[in-house]
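Participant:
Protein chains: 2
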Amino acid sequence: MEALETLTGRYGDEGDKLLFRVLNNGDLLAEVDDKILQDKDSNAILPYIAKRGLRYDLTVPFARYIVMNRHAIKLPFKRSAIQPVWRADRPQRGRYQEFYQCDADIAGSDSLYSEAELVKLYDEVFRRLNLPVVIRINSRKILQGIIQSCGMGERFSEVAIIIDKLDKISDEKGKELLVAKGFDPNEVNRLFELIHNTQLDSLKTTGVNALTQDGISDLETICSLCQSTGLTNQLIFDPSLARGLSYYTGAIFEVTALDANMGSIGGGGRYDNLTDSFGMPDIPGVGISFGAERIYDLMEEKNLFPPEVIKKSGVLILCMDAIAMETGFNLTSSLRNNHISTELYPEPGKVNKMMSYANDNGYSHVIIIGSDEVASGLFTVKNMHSGIQQKLTSDELLSQLV
Amino acid sequence: MEALETLTGRYGDEGDKLLFRVLNNGDLLAEVDDKILQDKDSNAILPYIAKRGLRYDLTVPFARYIVMNRHAIKLPFKRSAIQPVWRADRPQRGRYQEFYQCDADIAGSDSLYSEAELVKLYDEVFRRLNLPVVIRINSRKILQGIIQSCGMGERFSEVAIIIDKLDKISDEKGKELLVAKGFDPNEVNRLFELIHNTQLDSLKTTGVNALTQDGISDLETICSLCQSTGLTNQLIFDPSLARGLSYYTGAIFEVTALDANMGSIGGGGRYDNLTDSFGMPDIPGVGISFGAERIYDLMEEKNLFPPEVIKKSGVLILCMDAIAMETGFNLTSSLRNNHISTELYPEPGKVNKMMSYANDNGYSHVIIIGSDEVASGLFTVKNMHSGIQQKLTSDELLSQLV
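If you read the protein sequences in the order shown, they are chains F and X.
Here the first sequence is numbered in our numbering, starting from 1 and rising by one per residue.
Here the second sequence is numbered in our numbering, starting from 1001 and rising by one per residue.
1) Between which residues of its own chain and L219(F) is the CB-CB distance below 8 Å, once the five residues before and five after are set aside?
2) Check each candidate in I1323(X), S1264(X) and L1274(X) and name the one with the smallest Cα separation from Y1296(X).
3) Taking contact to mean at least 3 C-beta pairs separated by less than 8 Å, is the segment 70–80 of chain F in contact with the segment 44–54 of chain F?
4) Just to confirm, is the Cβ distance from V1119(X) to L1304(X) under 8 Å?
5) With 8 Å as the threshold, decide whether the Cβ of R21(F) is near any Cβ in chain X.
6) So, helix, strand or coil for R87(F), using DSSP?
7) How many angstroms separate the CA atom of G291(F) from the CA atom of I1369(X)?
8) Answer yes or no: does any C-beta atom of chain F fall closer than 8 Å to that of A1260(X)?
9) Can you tell which of S1334(X), L1191(X), G1182(X) and E1098(X) has its C-alpha closest to the C-alpha of F1020(X)?
10) Based on Cα-Cα distance, which residue from K1017(X), N1024(X) and L1401(X) lies nearest to M1001(X)?
11) Would you report the Cα separation of K17(F) and A88(F), rounded to the nearest angstrom?
12) Where does I369(F) sit, in a helix, a strand or coil, going by DSSP?
13) For Y1248(X), which of helix, strand or coil comes out of DSSP?
14) Along the alpha helix (DSSP H) that carries S1204(X), what are the first and last residues, could you check?
15) Would you say S246(F) lies against chain X (beta-carbon separation less than 8 Å)?
16) D1282(X) lies in the alpha helix (DSSP H); which residues open and close that run?
17) Bridge partners of I1236(X), per DSSP?
18) On a Cα-Cα basis, can you pick out the residue from V1125(X), G1108(X) and D1041(X) that is closest to R336(F)?
19) Whose C-alpha, out of T1212(X), P1047(X), T1327(X) and M1262(X), is nearest the C-alpha of G1153(X)?
20) Mind listing the chain F neighbours of K1074(X)? Cutoff is C-beta to C-beta under 8 Å, in chain order.
21) Is Q1239(X) close to chain F? Criterion is C-beta to C-beta, closer than 8 Å.
22) Beta-carbon within less than 7 Å of Q1390(X)'s beta-carbon, same chain only, minus the 5 sequence neighbours each way: which residues are those?
23) Where does the unbroken alpha helix (DSSP H) through T1332(X) begin, and where does it stop?
24) For A3(F), name the three-state secondary structure that DSSP assigns.
25) Okay, do the segment 312–331 of chain F and the segment 360–368 of chain F touch, 3+ Cβ pairs below 8 Å being the bar?
26) Let me confirm a value: P1047(X) is counted as buried when at least 16 other C-beta atoms fall within 10 Å, else exposed. Which label applies?
27) Would you mind sorting T275(F) into buried or exposed? The rule is 16 or more other CB atoms within 10 Å of its CB.
28) Among E1343(X), A1324(X), R1090(X) and D1372(X), which residue has its Cα nearest to the Cα of G1349(X)?
29) Which whole runs of the alpha helix (DSSP H) in the segment 113–165 of chain F are 4 residues long or more, in chain order?
30) Closer than 9 Å, Cβ to Cβ, to anything on chain X: give me those residues from the segment 100–117 of chain F, in chain order.
31) For D16(F) and chain X, any beta-carbon pair shorter than 8 Å?
32) Which residues of the segment 1272–1293 of chain X have a Cβ closer than 7 Å to any Cβ of chain F? Give them in chain order.
33) How is the alpha helix (DSSP H) around A1210(X) delimited, first residue to last?
34) My output table needs one value for Y1296(X): the three-state DSSP class, helix, strand or coil.
35) Buried or exposed for A1116(X), please, with buried defined as at least 16 other CB atoms from any protein chain shown within 10 angstroms of its CB.
36) Just list the residues that DSSP pairs Y100(F) with in beta bridges.
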């Protein structure tokens, strides 16, 4: 939870609508103005009945944290965090109302080395996950410069919101929406030409304006740093990349998996003014986020989870009767003390039923204990992969299974 | 979030009061009865404006999960989970409105081996954390049997709530409260004698009733199983242990740290009827919970975090100028590729300032790069523990730092 005043107004109008509010406890309506209740004014009642909300992302809470702990934190400050966030969106494939974000942020430096490091982090993580991606990069400076140069600078966020949707709506539709908002069709056409110019060099020569040139120079630095150390995945400049959130000021990133139908699985950017609104100016920041559920869903679809992650391995101990259970409990304990992942089927039962449980759960070995085993101290061990069955003492067990 | 109908009524009256409700989105007041608004009836309005709540614990959502996934789950089913929970309690030392619980549960078996395994899990975790604890154990059967035998069985939960508070209020006060509720002072005295009888053997011979005897027999089995494999921490029978939550049916546990002023840092028990209320009877369950923040706070107070957890280790690269930064960025990349934890100070700066940053953050090695180093390919490496400074090639660096 965060105070609603921390959350409200940081994510644009659309973000505000998607915030989940937490109801105050106690006598909710006592202090509410009678007129609000009479009018059934659902907006006006909100400040009376909810003072807290659920996190919408991890970046704004991070800025709030820095400001609250300004005296304890040494800048530059790096943090990583994995936490749930909530958005009152309509649930659909890849879109959840409650989901986990994994964030990495660097606060307290405006060095472009931070951006380069975060691009490399994206690259390395998806390399290790075996999930090929495209990392798209743009700069709010470029986007803002282009929009300004088309005479739309006064209404930047209206224009940016439409550009942000171009992966879902057609260019034609996007142009229509802008013209309907009263923009000059020629300027709109020029805007679309510029934002589809995906070559830094060629955009540079169009001589747009100083702000755009500044953004281009940033991206040249970031890209050349990343390329100098080698990237596994593609890093692509895309001047039509807008990002929905309102707090970005410099480079912005968005990651999409190749050959997948799953929107972005990561995004981020530079937010140099975010702590200002909490009363602490001049703390530049930049960060990226991974969408845990979407990455999980994709890895499941593409069978990228290694077998040892999906299936349990280790040993399952099955006991035939109550006496055997005691032996099994002690054996479980000594196998675990020797760092052998071991489970005890918690009650005696029929071998067939218990063996099918062992199969379903992918145990690598099953130890069966009956009265013979208790008497002889020799345990029957079955390797579930090879099917081979052996009789072993507990010492032999330990040395074979470690 | 959970549907409020999943949460309400599962934690006793006190629990219901401590639930956080999440406000519905959209036009909140449209459907609310005019009379409720006129009367400012804060209770009656709740069902209209909030249909979801925040998790109060992880056990009830686990039961809901089992019922929803009954066809996919193979019983017995074990799960562990680490997730935030929320309670609208007054915040104080060790009591947070948002905190993390770490739970381990076994569903689908009524075997007492499950209880024994969970006690051993408590024991092993706190042994590894170096935090000596007392694990108190009781059974709801014993408590219920005792309360019945004192003629208070009809009002079990009222009595249990007062017993649950005896670690905070005196026995005198507890007796007063019960007498004030109309219970016979002689029976109240007998109740207190019985719940302070901490010897299983001697409680057994008081011949309370069959339910108590059944609970005693359970605990004898659990304790003897645990002792047979050895415990590091104390396992103590405490018939006055009640646990606040209403869903327990059998053994209950509570863990307290020795020499600490911090309430319980773990608790749990058997809940054999929890899925019933979701329409799926006969799924017995038992589970335990660790309170992450309280354990963290205690470990911090007692200096139990190993130094390598508190302090960063690894290498910090400091660069004198823009050219050195490029070299530093490449070196960071190659050290990381060799699994050496490495950070690059993100901008060139004054050595003194950057060295004090390195000191404050506990890096084990600092590499300083200036124009000399770029030209010669020899890097200045300072071991921050010994203070020894060397000039090394990047190959020598890799072999020394791995």
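No residue lacks a Cβ here, since even glycine has one placed at the ideal position from N, Cα and C.
Predicted model, so just to flag it, every value in this text is computed and none were measured.
Facilitator: Answer, in terms of the structure:
1) Taking the first residue of the first sequence as 1, we reach residue 219(F) at position 219. Hits under 8 Å: I137, N138, S139, I142, L200, F237 and A251.
2) Along the second sequence, read from residue 1 onward, the residue named residue 1296(X) stands at position 296. Comparing alpha carbon positions, the residue from I1323(X), S1264(X) and L1274(X) closest to Y1296(X) is S1264(X).
3) Too few Cβ pairs lie closer than 8 Å, so no.
4) In the second sequence, counting from the first residue as 1, residue 1119(X) sits at position 119. In the second sequence, counting from the first residue as 1, residue 1304(X) sits at position 304. For V1119(X) and L1304(X), no; Cβs fall outside 8 Å.
5) One-based indexing of the first sequence puts residue 21(F) at position 21. For R21(F), the answer is yes, since a Cβ of chain X falls inside 8 Å of its Cβ.
6) If you number the first sequence from 1, residue 87(F) lands on position 87. Residue state, collapsed to three classes: coil.
7) Locating residue 291(F) in the first sequence gives position 291, counting from the first residue. Locating residue 1369(X) in the second sequence gives position 369, counting from the first residue. Each residue's Cα considered, the two are about 37 Å apart.
8) Looking up residue 1260(X) in the second sequence gives position 260. Not flagged as an interface residue toward chain F: A1260(X), since no C-beta distance is shorter than 8 Å.
9) Counting from 1 along the second sequence, the entry for residue 1020(X) is found at position 20. Put simply, of S1334(X), L1191(X), G1182(X) and E1098(X) the residue whose alpha carbon is nearest the alpha carbon of F1020(X) is E1098(X).
10) For the purposes of this step, residue 1001(X) is identified with residue 1 of the second sequence, where counting begins at 1. The residue from K1017(X), N1024(X) and L1401(X) with its alpha-carbon nearest to that of M1001(X) is N1024(X).
11) In the first sequence, residue 17(F) corresponds to position 17, counting from 1. In the first sequence, residue 88(F) corresponds to position 88, counting from 1. Between the C-alpha atoms of K17(F) and A88(F) there is a straight-line separation of about 8 Å.
12) Counting from one through the first sequence, the residue named residue 369(F) turns up at place 369. In the structure shown, I369(F) sits in a strand (DSSP, three-state: E or B).
13) As a position in the second sequence, residue 1248(X) is number 248, starting the count at 1. Three-state DSSP puts Y1248(X) in coil, outside helix and strand.
14) Taking the first residue of the second sequence as position 1, residue 1204(X) is located at position 204. This sequence places Lys at residue 1204(X); Ser is not what is there. Element bounds for K1204(X): L1200 to T1205.
15) Residue numbering aside, residue 246(F) sits at position 246 when the first sequence is read from its first letter. Not a single CB atom of chain X sits nearer than 8 Å to the CB of S246(F).
16) On the second sequence, residue 1282(X) is found 282 positions in, with the first residue counted as 1. In this chain, D1282(X) is not harboured by any alpha helix (DSSP H), its DSSP state being neither H nor E.
17) Locating residue 1236(X) in the second sequence gives position 236, where the first residue counts as 1. The partner list for I1236(X) (beta bridge, DSSP) reads R1136(X).
18) Here residue 336(F) refers to the residue found at position 336 of the first sequence. Comparing Cα positions, the closest option is V1125(X).
19) Reading the second sequence from its first residue, position 153 is the one you call residue 1153(X). Comparing alpha-carbon positions, the option among T1212(X), P1047(X), T1327(X) and M1262(X) lying closest to G1153(X) turns out to be T1212(X).
20) Counting from 1 along the second sequence, the entry for residue 1074(X) is found at position 74. Per Cβ cutoff of 8 Å: Y357, D360 and N361.
21) Stepping through the second sequence from its first residue, residue 1239(X) is reached at position 239. Residue identity differs from the one stated: residue 1239(X) is Pro in this sequence, not Gln. Against chain F, the CB of P1239(X) has no partner CB under 8 Å away; the residue lies outside that interface.
22) Reading the second sequence from its first residue, position 390 is the one you call residue 1390(X). For Q1390(X), the CB contacts under 7 Å within the same chain, skipping 5 residues up- and downstream, are V1381 in chain order.
23) As a first step, residue 1332(X) must be located in the second sequence, where it is residue number 332. Looking at the DSSP string, the run of the alpha helix (DSSP H) that includes T1332(X) is A1322 to N1337.
24) Within the first sequence, residue 3(F) is the residue found at index 3, counting from 1. Looking at A3(F) - three-state DSSP - the assignment turns out to be strand.
25) Result yes; three or more Cβ-Cβ pairs closer than 8 Å.
26) As a first step, residue 1047(X) must be located in the second sequence, where it is residue number 47. Per the 10 Å Cβ criterion, exposed.
27) Numbered from its first residue, the first sequence carries residue 275(F) at position 275. So T275(F) counts as buried.
28) Start at 1 with the first residue of the second sequence, and residue 1349(X) comes out as number 349. Out of E1343(X), A1324(X), R1090(X) and D1372(X), A1324(X) has the C-alpha closest to the C-alpha of G1349(X).
29) For the segment 113–165 of chain F, whole alpha helix (DSSP H) runs of length 4 or above, ordered along the chain, are 140–149 and 156–164.
30) Per Cβ criterion, the list reads I106, G108, S109, D110, S111, L112, Y113, S114, A116 and E117.
31) Here residue 16(F) is taken as the residue at index 16 of the first sequence, counted from 1. Interface criterion not met: the Cβ of D16(F) is under 8 Å from no Cβ in chain X.
32) Within the segment 1272–1293 of chain X, no residue has a Cβ lying closer than 7 Å to any Cβ of chain F.
33) Counting from 1 along the second sequence, the entry for residue 1210(X) is found at position 210. Looking at the DSSP string, the run of the alpha helix (DSSP H) that includes A1210(X) is A1210 to T1229.
34) As a working mapping, residue 1296(X) is identified with position 296 in the second sequence. In the structure shown, Y1296(X) sits in a helix (DSSP, three-state: H, G or I).
35) Locating residue 1116(X) in the second sequence gives position 116, where the first residue counts as 1. With at least 16 other beta carbons inside 10 angstroms of its own, A1116(X) counts as buried.
36) To locate residue 100(F), count along the first sequence from 1; it is residue 100. According to DSSP, Y100(F) shares a beta bridge with P84(F).
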